[in-house]
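Beneath this line is the structure, given in structure tokens, with notes to follow.
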Amino acid sequence: MSLLVVKTPEQVTNEEKEAIRKETLAQSQAKPLISGLAGHVTSRWEEARRLKEMGAAPRLEDCARRRSGQYSPAKLEQIKKFGGSTIFMNLTNVKCRAIESWLLDILCPVGDKPWGIKPSPIADIPPQIADAINSEIMAEAQKMTQQFQGVAPDAAIIERARHLQEKAKNLIQKEAKERAVGMERTVADQLSDGEWDSAFADFLYDVTTYPTAILKAPVMKAKRSLVWKMAANEETGQQSWEPIVERTIKPEVARCSPFDIFPGAGVVKPDDGDIFEIHRLTRRDLEELIGVDGYDEDAVRSVLSEYGSGGLKSWLWTVTDERDAVDPDKVSSTEKNTESTIDALEMWGSVQGKMLVEWGLEEEDIPDQEAEYDVCVWMIGRYVIKAVLNPDPLGKKPYHIASYEPIPGSFWGKAPCEVIADPQDMCNACARSLDNNMGIASGPQVEANVDRVADVDDIYDIYPWKVWPVTNDMTSTAGGAPAIRFFNPESIAGTLLQVFQYFSKLADDYLAIPSFAYGSSMNLGGAGRTSSGLNMLMGNATKGIKNLISNIDTVIQGVISGFCQFNMMYSDDEAIKGDLKPVATGSSEMLARHQQKEVRMGLLQASANPVDIQIFGPKGRAKLWAEILKSSDIDPAEYLPTPDKLTEIEEKMRMLANSQNSVDGWQLPQQQQGQQPQQQPQQQAQQAQPQQQGVAA
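Note that numbering that gives the first Met the number 0 gives residue 685 to position 686 of the sequence shown, counting from 1, and the numbers run on in steps of one.
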């Protein structure tokens, strides 16, 4: 007997709408536009994936294992086959962590930032602002002409005109500087809300671990935030604060895992060709893409529907990620297929204009069908959820890369893990040998003649005051040899330790960063025993990291440029727009500032004497203290007197000095209480003369 299913008209209508939507989406995905686009992306992706699997992928896995202190499966199998210790002396992590901490200290000081925004040397400003300035200058010029007409010579008029022209330039630069300050404040706020701190910290970890580190910015993401607004209560009618959840789309900064980035053939910099990125999205991530400009809502919903039915879970399962590299047995392919993430493939690349027109773009958007146009495509399985032209006017991609040691002509540089790979391997070999040797030499080896031992099983138990029952030696004519003999294997721990220390020191030389630069407790001796000598050594040590900071500066400048361009194109605040230039300050100001604090402290201590205090004065000492406090992220205004108060102190000191013995208005050091004032040479001579005359008489 069959059951009759009863549905409401509303349910029937909704089901019909859903069926029509799925049919429409299936037809759109089957069109030459989407199927051709998906096929084009797939073919390019397979080529990029093969290139990485043959080149960078094994290197990335090796770097991840070395940083985490693990042997590769093949190496571990060889060690276990030989037997003995499997210890891993993680020298690599110590060195990489030291470099990472040093970079964080230099590039992320408390209360400061490693970038800025400045106006161009000859800045352009909006025409209406320039016209207002020029009108003001012209009015002043006309007034000057009327004033000097027939009175002042031509030279005076020319000089005045030159002065007005210089004034106009200064006003334009002042306006441009104010706009730069506004843009810098806006970008700083966007970075604060856009995960800059965490993304940059992860980026520095990648720089010290992998051949290449990647930052992506700006990335548009939809975020939910809680805001409080005044609203009237429906029951009481009174105004009260109520929580409101708002969904906004904001630019962010994202760290891209090197495992998830696949450059195309011939790509050295991200703008050279195709770049693929793998995203592992949750259902929430996909849901937040609904409504974001450029994403196909129907395609996103179809992906969610198919994934909910068990599909789209293994179409990119062959790609290795960081978890597989560190622990390949932890996440099996079966477990990955059942994870609550959906793999998405993003491509940034160029396509011929003729193909774009064939795919369905309007011809007016493609003025030259033979030219190449940059596009951004997102694909999940057979669904293309996003296909747009690159919004950057110059076609630049939002990826920015840096390497510890860049390799010319290659997207992938050289990681610190690879630089010290040989010293790390030698240290591991020494440590394993040392472990094995110490274990063998830690106790006596026993030689037993089992034919003479009464209880063979008892020879394996050794303890103090043990009695060994043995029989006579019937084979010896010299009275018999001992049935039990002990001997100690030779310990070569000292030699192995020397070899270990040598290769550990060699790792510092390879990285060009000495161990004392990151606080290693080693005896410096010589110049290292004085503050000036230590500053000299630290200055030399920074030379090994300046190139790396310069590479990171390029990334920072690219990120800030992307945010400035975004604001220039889409911000409603016209007061922050202008001819601006983002700058990175890591390799120039930060390295100098890193050592200036100790120099200022030394100067402050060295000048703490009466003579230097008279030279510096209260204002000079206060300025020196202000710089020291600011370098420690302390507001000088909370501790130092105001300029007016300093002037008052200075005047009181002058008045006091004028009433006492002084030089140039500054009070001389006072004699200690009870000390007789020193006589002048002339007075001493006058007092001595009568005495001499008396003696002569």
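Even for Gly, the Cβ is constructed at its ideal location relative to N, Cα and C.
Subject >> Complete runs of the beta strand (DSSP E) confined to the region 362 to 437 [at least 3 residues] >> reply: 371 to 379, 382 to 388 and 398 to 401
Original post:
Can you tell me where the alpha helix (DSSP H) with Phe258 in it begins and where it stops?
Top reply: Stepping through the sequence shown from its first residue, residue 258 is reached at position 259. From DSSP, Phe258 is part of no alpha helix (DSSP H); its letter is neither H nor E.
Original post:
Quick one: what's got a C-beta closer than 7 Å to Leu50's C-beta in the same chain, skipping five residues either side?
Top reply: Here residue 50 is taken as the residue at index 51 of the sequence shown, counted from 1. Around Leu50: Ala264.
Original post:
Per DSSP, what kind of secondary structure is Lys142 in: helix, strand or coil?
Top reply: For the purposes of this step, residue 142 is taken as residue 143 along the sequence shown, with counting starting at 1. Of the three classes helix, strand and coil, the one that applies to Lys142 here is helix, per DSSP.
Original post:
Between the region 76 to 95 and the region 183 to 202, are three or more C-beta pairs nearer than 8 Å?
Top reply: Judged by Cβ distances under 8 Å, the region 76 to 95 makes no contact with the region 183 to 202, as fewer than three pairs qualify.
**OP:** Output yes or no for whether 8 Å exceeds the beta carbon distance between Arg66 and Cys426.
**Re:** Here residue 66 refers to the residue found at position 67 when the sequence shown is read from its first residue. Here residue 426 refers to the residue found at position 427 when the sequence shown is read from its first residue. For Arg66 and Cys426, no; Cβs fall outside 8 Å.
Subject >> Chain-order list of residues whose beta-carbon lies under 8 Å from that of Leu510 (same chain, five-residue window excluded) >> reply: The count along the sequence shown starts at 1 and reaches residue 510 at position 511. Contacts found: Lys94, Ile98, Pro415, Val418, Ile419 and Gly543.
**OP:** Tell me, please, which residues DSSP counts as bridged to Pro250.
**Re:** By one-based count along the sequence shown, residue 250 stands at place 251. Partner(s): Met219.
Original post:
Using 8 Å as the Cβ pair cut-off and three pairs as the minimum, do the region 207 to 217 and the region 607 to 626 touch?
Top reply: The region 207 to 217 and the region 607 to 626 do not touch, with fewer than 3 CB-CB distances between them shorter than 8 Å.
**OP:** With a cut-off of 8 Å on the beta carbons, I'd call Ala37 and Met378 a contact; round off their distance for me.
**Re:** By one-based count along the sequence shown, residue 37 stands at place 38. By one-based count along the sequence shown, residue 378 stands at place 379. Contact holds; Cβ gap of about 6 Å.
**OP:** Examine the Cβ distances between the region 396 to 415 and the region 197 to 207 and report whether three or more of them are shorter than 8 Å.
**Re:** yes
Original post:
How many Å lie between Lys228 and Glu241 at the Cα?
Top reply: Start at 1 with the first residue of the sequence shown, and residue 228 comes out as number 229. Start at 1 with the first residue of the sequence shown, and residue 241 comes out as number 242. Taking the straight line from one Cα to the other gives about 6 Å.
Original post:
Would a check of beta-carbon distances place Ile512 closer than 8 Å to chain E?
Top reply: This model lacks chain E altogether, as it is built from one protein chain only.
Original post:
Which residue or residues does DSSP assign as beta-bridge partners of Pro581?
Top reply: For the purposes of this step, residue 581 is taken as the residue at position 582 of the sequence shown. DSSP lists Ile116 as partners of Pro581.
Original post:
Which partner residues of Phe199 appear in the DSSP bridge assignment?
Top reply: Taking the sequence shown and counting its residues from 1, the one referred to as residue 199 is at position 200. Here Phe199 is not bridged, per DSSP, to any residue.
Subject >> Beta-carbon proximity list for Phe275, same chain, < 6 Å, skipping 5 on both sides >> reply: In the sequence shown, the residue the question calls residue 275 occupies position 276. Excluding sequence neighbours, Phe275 sits near Trp44, Ala47, Phe261 and Met346.
Original post:
Can you give the Cα-Cα distance for Ser331 and Thr340, rounded to whole angstroms?
Top reply: The sequence position of residue 331 within the sequence shown is 332, counting from 1. The sequence position of residue 340 within the sequence shown is 341, counting from 1. Because the pLDDT at Ser331 is just 43, under 50, the model does not fix this residue reliably, and the value given afterwards should be weighed accordingly. Their Cα atoms are separated by approximately 15 Å.
Original post:
Should Leu288 go down as buried or exposed, given a rule of 16 or more other Cβ atoms within 10 Å for buried?
Top reply: The residue you call residue 288 lines up with position 289 of the sequence shown. Buried, because 16 or more other Cβ atoms sit within 10 Å of the Cβ of Leu288.
Subject >> Opposing strand residues paired with Asp342 [DSSP bridges] >> reply: For the purposes of this step, residue 342 is taken as residue 343 along the sequence shown, with counting starting at 1. BP columns for Asp342 point to Arg279.
Subject >> Burial state of Leu579, where buried means 16 or more other Cβ atoms lie within 10 Å >> reply: Translated into positions along the sequence shown, residue 579 becomes position 580. Counting Cβ neighbours within 10 Å, Leu579 comes out buried, since at least 16 surround it.
Original post:
How many Å lie between Gln604 and Phe202 at the Cα?
Top reply: The sequence position of residue 604 within the sequence shown is 605, counting from 1. The sequence position of residue 202 within the sequence shown is 203, counting from 1. Rounded to whole angstroms, Gln604 to Phe202 spans 39 Å at the Cα level.
Original post:
Pick from Asp434, Val266, Pro443 and Asp508: whose alpha carbon is nearest that of Ile406?
Top reply: By 1-based counting over the sequence shown, the position of residue 406 is 407. For the options Asp434, Val266, Pro443 and Asp508, the alpha carbon positioned closest to that of Ile406 is the one of Val266.
Original post:
With 16 other CB atoms within 10 Å as the buried threshold, where does Ser304 fall?
Top reply: Along the sequence shown, read from residue 1 onward, the residue named residue 304 stands at position 305. So Ser304 counts as exposed.
**OP:** Consider the C-beta atom of Ala63 and the heavy atoms of the ligand ATP; say whether any pair is separated by less than 7 Å.
**Re:** Absence of the ligand ATP from the depicted structure is noted, as is the absence of any ligand whatsoever, leaving it without description.
Original post:
Ile33: buried (16+ other C-beta within 10 angstroms of its C-beta) or exposed?
Top reply: The sequence position of residue 33 within the sequence shown is 34, counting from 1. Per-residue confidence for Ile33 stands at a pLDDT of 47, beneath the threshold of 50, marking its modelled position as unreliable; the derived number appears in the next sentence. Its Cβ being crowded by 16 or more others within 10 Å, Ile33 is buried.
Subject >> CB of Ala440 within 8 Å of CB of Ser490, strictly >> reply: As a first step, residue 440 must be located in the sequence shown, where it is residue number 441. As a first step, residue 490 must be located in the sequence shown, where it is residue number 491. Yes, the Cβ-Cβ distance between Ala440 and Ser490 is below 8 Å.
Original post:
Should Ile483 and Ala453 be called a contact, given that it needs their Cβ atoms to be closer than 8 Å?
Top reply: Counting from one through the sequence shown, the residue named residue 483 turns up at place 484. Counting from one through the sequence shown, the residue named residue 453 turns up at place 454. No, the Cβ-Cβ distance between Ile483 and Ala453 is not below 8 Å.
**OP:** Assess, as a yes-or-no matter, whether the region 350 to 370 is touched by the region 279 to 287 under the definition of 3 or more beta carbon pairs within less than 8 Å.
**Re:** no
Original post:
So, Ile384 versus Val299, is the Cβ gap smaller than 8 Å?
Top reply: Here residue 384 refers to the residue found at position 385 of the sequence shown. Here residue 299 refers to the residue found at position 300 of the sequence shown. Yes, these two residues count as a Cβ contact at 8 Å.
**OP:** Could you check if Arg451 is buried or exposed, using at least 16 other CB atoms within 10 Å of its CB as the buried criterion?
**Re:** Position 452 of the sequence shown, counting from 1, holds the residue named residue 451. Buried: at least 16 other Cβ atoms inside 10 Å.
Original post:
Taking just the CA atoms, how far does Phe87 sit from Ile612?
Top reply: Taking the first residue of the sequence shown as position 1, residue 612 is located at position 613. Taking the first residue of the sequence shown as position 1, residue 87 is located at position 88. Distance between the alpha carbons of Ile612 and Phe87 is about 58 Å.
**OP:** Measure the beta-carbon distance from Ile400 to Pro269 and round it to whole angstroms, keeping in mind my assumption that it falls under 8 Å.
**Re:** Within the sequence shown, numbered from 1, the residue matching residue 400 stands at position 401. Within the sequence shown, numbered from 1, the residue matching residue 269 stands at position 270. Sure, about 6 Å apart at Cβ, within 8 Å.
Original post:
Can you list, in chain order, the residues of its chain whose CB lies under 6 Å from that of Leu102, leaving out five sequence neighbours each side?
Top reply: Here residue 102 corresponds to residue number 103 of the sequence shown, with the count starting at 1. Contacts found: Leu203.
Original post:
What is the DSSP secondary structure of Phe499, counted as helix, strand or coil?
Top reply: For this step, residue 499 is matched to residue 500 along the sequence shown. It is helical.
**OP:** Grab the span of the beta strand (DSSP E) containing Val445 for me, first residue to last.
**Re:** Sequence index remark: in the sequence shown, residue 445 carries index 446 (1-based). It spans Gln444 to Ala447 - the beta strand (DSSP E) in which Val445 sits, taken as one unbroken run.
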